[in-house]
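Visitor: Take a look at the following structure, please.
Number of protein chains: 2
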Amino acid sequence: MKIPPVKGMRDFYPADMAVRNWMIDGWKRISLRNGFEEYDGPIFEYLKMFQIKSGGEIVEQLFSLKDRGGRELAIRPEITPTLARMINQQISSLPRPIKWFSVPRLCRAERPQRGRLREFFQWNVDIIGVDDVLADAETIFCALDYLQEVGLTPNDIVVKISSRKMLAAILESIGIPQGELEPLYAVLDKRSRLPQEAFEEILAKQVGDENKRNKIMKLMAVESIEQISSLLELSKTAQESVDELGRLFELLDIMGVGDYCVFDIGIVRGLAYYTGIVYEIYDKGSELRAIGGGGRYDDLLKQFGGPDIPATGFGIGDCILGILLEEKGLVKKQLPIRQPDYFVATTDKQLFQKAIEIMTKLRRAGLAANFDYKSTNLSKQLKQASAQKAQKCIIIGEEFNNNQLVVKDMATGEQKLVDINKFFAELKPQSK
Amino acid sequence: MKIPPVKGMRDFYPADMAVRNWMIDGWKRISLRNGFEEYDGPIFEYLKMFQIKSGGEIVEQLFSLKDRGGRELAIRPEITPTLARMINQQISSLPRPIKWFSVPRLCRAERPQRGRLREFFQWNVDIIGVDDVLADAETIFCALDYLQEVGLTPNDIVVKISSRKMLAAILESIGIPQGELEPLYAVLDKRSRLPQEAFEEILAKQVGDENKRNKIMKLMAVESIEQISSLLELSKTAQESVDELGRLFELLDIMGVGDYCVFDIGIVRGLAYYTGIVYEIYDKGSELRAIGGGGRYDDLLKQFGGPDIPATGFGIGDCILGILLEEKGLVKKQLPIRQPDYFVATTDKQLFQKAIEIMTKLRRAGLAANFDYKSTNLSKQLKQASAQKAQKCIIIGEEFNNNQLVVKDMATGEQKLVDINKFFAELKPQSK
């Protein structure tokens, strides 16, 4: 009986797994040096947890299931609700600020397409307990610390930044009631992905008043923070959030990543929980969807039954980023090559037992060592050693009767005789 | 709205995550040095895939779900069926032997109890394409290479080994029809976990004939391979598998792990797909369930629609092993301590900007660097540095006007003035 894989899910054969590991190891290393600690939650949570505040698109894409008691569960489509739950559970004992990261496996029941799969890995970095825009700057820096590290320059990618707080203040001053902001965000979030006409059509459905609509269209066309002030008189809240945006760009300059960052009022974000700075990271050259994005979500912990604590963070998935890094040739260039330290070969079936003994001793000493199960003829074994990119080959032959091994350097071809006791005494202890 | 976590699922707070990472990193390192390559599959597969050959207990414990097209899926309760599917898909292009490992996240709808959770991680190591018992020995060695590495001695753990092929041959010679072997295995597998009476009861249900039953009871009471031959006359197949078991123990001796291994005819394994050598690893001292187990499953790939290829491997979960390592004090002893390289402090709010600049430069250079968001007074910052176990503290004070930094060694308390340009010029490049 032949059973196919489920569509939109990935099999990671060793070559694919090497790429996934390389990417995730990089995320982890960069997170740690930026002072973040790793956490993780369960693969599924109660269904209702994702229905609270994740936004319509994500809720539609949930894989839901039931446990034996009939309780409704869902495979996590994002980790932020889990983060909020976990923080709330231990809020009194966690020293603040809380700087955490995670690399969750997530599932969304999307229609599979290029860069959009039903299962993916997402790098999440969050700072809980700091309301200063410095925390937003630090998370953006952390994302760019990684992206820069793997070779993406300001010519390749851009971080587009705006502020939901500013947008809310301006939309309110235009006359949009607070209760209508959330559905309007969902509309504005689609603007860059739709033709102008289609966008105007859905906007008209959301905002009936033509005058208001025109003001919104003008607002969404501004290209700099300065333009906003000249376009309309700003309320106190709007001015504060404009100033905050200004300070964010200043901080990003000080951090040395300013040339990756631009203001873009079109960045609204689909998720319902954002409250302040919002941003998305894009590939400059292509038609790809956002590489990642994030922002401030100061109300989420409270909405999950916790105290009123500010929070900010981002998520970067592995699919779009993987495509981009492949396209730029950056994976091939940086993927570590696996090279076993030793291949143990024998010239004689009688010595096979010795080969096994030596191979396992090498492994116990922390070295990667391989062998040929069949101990076929020597040239076949050497071919195998070379196919496996072994650095050295130990040949156990008649010299073994004098307690000697032949050690062959596979790069230079150089061979030398080594006393077996001396060989093991001199093995460098491998770092763990 | 406060939503609880799902019962039997784990939250990994940073302290828990550190333990999980330490364990999994060890599994990966040991697998690689034993010549295995990492793979992974999707978190769910078609439901029917797990119904083919996994055995009743696992099928009952499936978390099943449906996709939007109504197709029946299940979260993977084990990875071997996925492995069989993946190998079959690329069988013609994969060089053999295939030596693969994986650390899948798995879910089973069990009643949560100590060491038995609904979600866990399992180290899986498999060799496909070698029918020689040497491959069984190598996988057992690999498991012990790890267990020995983390400090478990033959006084702590034991690998109990038997052979399903031998058991099948003997049971057939006792007069059990081949078609009744599989349900009988399930009964025999429960023997060590049941009181003698309860076991005899379920055995009587499975085997009606008292004479056969008595022979089975006698067989299950043998304590050595030699005893079997004296108990009854062995068929050719039975003799072959007895010899094979003998050779396995010889190989394990050569590999230096013989003192961890014993013959135990009670090891049958619950899964339906085993065909040859089977084994389970136990804690000697406690009442814990098996740490892990495995064996040969030569027919599985064929049953999954592939060619006839021999295979052998094991799985070790993180729950029981974690409890054992904690009990023995081996986690605390070995868990790596995180120490940021630098904490950047300022004596003056005016210099805060410089602190951010220097901190981000350190991170870009590959060093872990932290700071205080509020740049409160110096002694508070130094306290924070020490709470975070920072190795060094950079203090930016009035010396900064002469381009100098104060670098304080947090262990010795020693402070020195360093020219800022010299400091960055001399930073050691960090290995990735």
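Going down the list, the sequences are from chains A and B. Just so we're aligned, residue 0 is where the first sequence starts under numbering that gives the first Met the number 0, counting upward by one. Just so we're aligned, residue 0 is where the second sequence starts under numbering that gives the first Met the number 0, counting upward by one. For every residue, glycine included, the Cβ atom is placed at its ideal position computed from N, Cα and C.
1. Identify whether residue 390(A) lies in helix, strand or coil by the three-state DSSP scheme.
2. From this set, 387(B), 406(B) and 396(B), which residue's C-alpha is nearest residue 31(A)'s C-alpha?
3. Would you call residue 383(B) buried or exposed, if buried means 16 or more other Cβ atoms sit within 10 Å of its Cβ?
4. Which term fits residue 197(B), buried or exposed, when burial requires 16 or more other beta carbons within 10 angstroms of its beta carbon?
5. Check whether chain A comes within 8 Å of residue 144(B), counting only Cβ atoms and requiring the distance to be less than that.
6. What distance in whole Å lies between the Cβ atoms of residue 106(B) and residue 76(B), which are believed to be in contact at a cut-off of 8 Å?
7. What residues from the segment 74–86 of chain A come within 9 Å of chain B, judged by C-beta to C-beta, listed N to C?
8. Return helix, strand or coil for residue 259(A), following the three-state DSSP convention.
9. Between the Cα of residue 5(B) and those of 37(A), 34(A), 7(A) and 43(A), spot the shortest distance and give me the residue it belongs to.
10. Would you mind working out which of 86(B), 85(B) and 160(B) sits nearest residue 281(B), comparing C-alpha positions?
11. Using a C-beta cutoff of 8 Å, does residue 343(A) count as contacting chain B?
12. By Cβ distance, which residues of its chain are closer than 8 Å to residue 188(B), with the 5 residues on each side in sequence left out?
13. Can you check DSSP and say which residues form a bridge with residue 122(A)?
14. In chain order, what residues of the same chain lie with their CB nearer than 6 Å to the CB of residue 272(B), ignoring the 5 residues before and after it?
15. Can you list the residues of chain A that residue 365(B) reaches, using a CB-CB cut of under 8 Å?
16. How many angstroms separate the CA atom of residue 408(B) from the CA atom of residue 252(A)?
17. Let me know the secondary structure DSSP gives residue 345(A) once reduced to three states.
18. Note the first and the last residue of the continuous beta strand (DSSP E) segment covering residue 104(B).
19. Mapping the DSSP letters down to three states, classify residue 276(A) as helix, strand or coil.
20. What does residue 184(A) reach in chain B if we use C-beta pairs closer than 8 Å?
21. Return the chain-ordered list of same chain residues with a C-beta closer than 6 Å to the C-beta of residue 3(A), the five sequence neighbours on each side being excluded.
22. Name, going along the chain, the residues of the segment 103–126 of chain A whose beta-carbon falls closer than 7 Å to a beta-carbon of chain B.
23. If we define contact as Cβ-Cβ less than 8 Å, is residue 303(A) a contact residue for chain B?
24. DSSP three-state call for residue 15(A): helix, strand or coil?
25. If you compare alpha carbons, which of 95(B), 369(B) and 45(B) is closest to residue 71(B)?
26. Going by beta carbon distance, what residues of the same chain come within less than 8 Å of residue 431(A), once the five residues before and after it are set aside?
27. If contact means a Cβ-Cβ distance below 8 Å, which residues of the segment 314–328 of chain A contact chain B?
28. Does any residue of chain A bring its CB to less than 8 Å from the CB of residue 430(B)?
29. Where does residue 162(A) fall in DSSP's three states?
30. Buried or exposed: residue 415(B), going by 16 or more other Cβ atoms within 10 Å of its Cβ?
31. Let me know the secondary structure DSSP gives residue 484(B) once reduced to three states.
32. Output yes if chain B places a C-beta closer than 8 Å to the C-beta of residue 155(A); else output no.
33. On the three-state DSSP scale, how would you describe residue 423(B)?
34. Skipping 5 residues on each side, what residues in its chain have a beta carbon closer than 6 Å to that of residue 279(B)?
35. Given a threshold of 16 other Cβ atoms within 10 Å of its Cβ, counted over all protein chains shown, does residue 420(B) qualify as buried or as exposed?
36. Can residue 250(B) and residue 146(B) be called in contact, C-beta distance under 8 Å?
Guide: Short version:
1. DSSP places residue 390(A) in coil when its eight states are reduced to three.
2. Distances from the CA of residue 31(A) to each of 387(B), 406(B) and 396(B) were compared; the closest alpha carbon is that of 387(B).
3. Around the beta-carbon of residue 383(B), 16 or more other beta-carbon atoms lie within 10 Å, marking it buried.
4. The residue in question, residue 197(B), is exposed, as its Cβ has fewer than 16 Cβ neighbours within 10 Å.
5. At least one chain A Cβ lies under 8 Å of residue 144(B).
6. Confirmed, about 6 Å.
7. Flagged, chain order: 74, 80, 81, 84 and 85.
8. Three-state DSSP puts residue 259(A) in a helix.
9. When the alpha-carbon of residue 5(B) is set against those of 37(A), 34(A), 7(A) and 43(A), the nearest one is in 43(A).
10. Nearest Cα to residue 281(B) within the set 86(B), 85(B) and 160(B): 160(B).
11. Not one chain B Cβ lies under 8 Å of residue 343(A).
12. Result list for residue 188(B): 267, 268 and 269, in chain order.
13. Answer is 315(A).
14. Listed in chain order, the non-local C-beta contacts of residue 272(B) below 6 Å within the same chain comprise 52, 296 and 299, local neighbours out to five positions each way being set aside.
15. By Cβ distance, chain A contributes 32.
16. Between the alpha carbons of residue 408(B) and residue 252(A) lies a distance of about 30 Å.
17. Correct three-state label for residue 345(A): strand.
18. Annotation for residue 104(B): the continuous beta strand (DSSP E) segment containing it runs 104–106.
19. In this structure, residue 276(A) counts as strand in the three-state DSSP scheme.
20. The premise fails here: residue 184(A) is roughly 21 Å from chain B at the closest Cβ pair, so nothing lies under 8 Å.
21. For residue 3(A), there are no CB contacts under 6 Å within the same chain when 5 residues up- and downstream are skipped.
22. Within the segment 103–126 of chain A, the residues whose Cβ lies closer than 7 Å to some Cβ of chain B are 104, 106, 108 and 118, listed in chain order.
23. Chain B, which has a Cβ nearer than 8 Å to the Cβ of residue 303(A), makes this yes.
24. Look at residue 15(A) here: in three-state DSSP terms it is helix.
25. Of the listed residues, the one whose Cα sits closest to residue 71(B) is 45(B).
26. Residue confidence for residue 431(A) is low, a pLDDT of 45 falling below 50, so the modelled location carries little weight; the figure read from the coordinates is stated next. 365.
27. Result list empty, no residue passes.
28. Bear in mind that the predicted position of residue 430(B) carries a pLDDT of just 47, short of 50, making it unreliable; the figure below should be weighed with that in mind. Not a single CB atom of chain A sits nearer than 8 Å to the CB of residue 430(B).
29. The three-state secondary structure of residue 162(A), taken from DSSP, is strand.
30. By the Cβ-count criterion, residue 415(B) is exposed, with fewer than 16 other Cβ atoms from all chains shown falling within 10 Å of its own Cβ.
31. Given a span of 0 to 431 for chain B in the structure shown, any question on residue 484(B) remains unanswerable.
32. False, the Cβ-Cβ gap to chain B never drops below 8 Å.
33. Three-state result, residue 423(B): helix.
34. Hits under 6 Å: 159, 266, 289 and 292.
35. That one is exposed.
36. Not in contact: residue 250(B) and residue 146(B) (Cβ atoms no closer than 8 Å).
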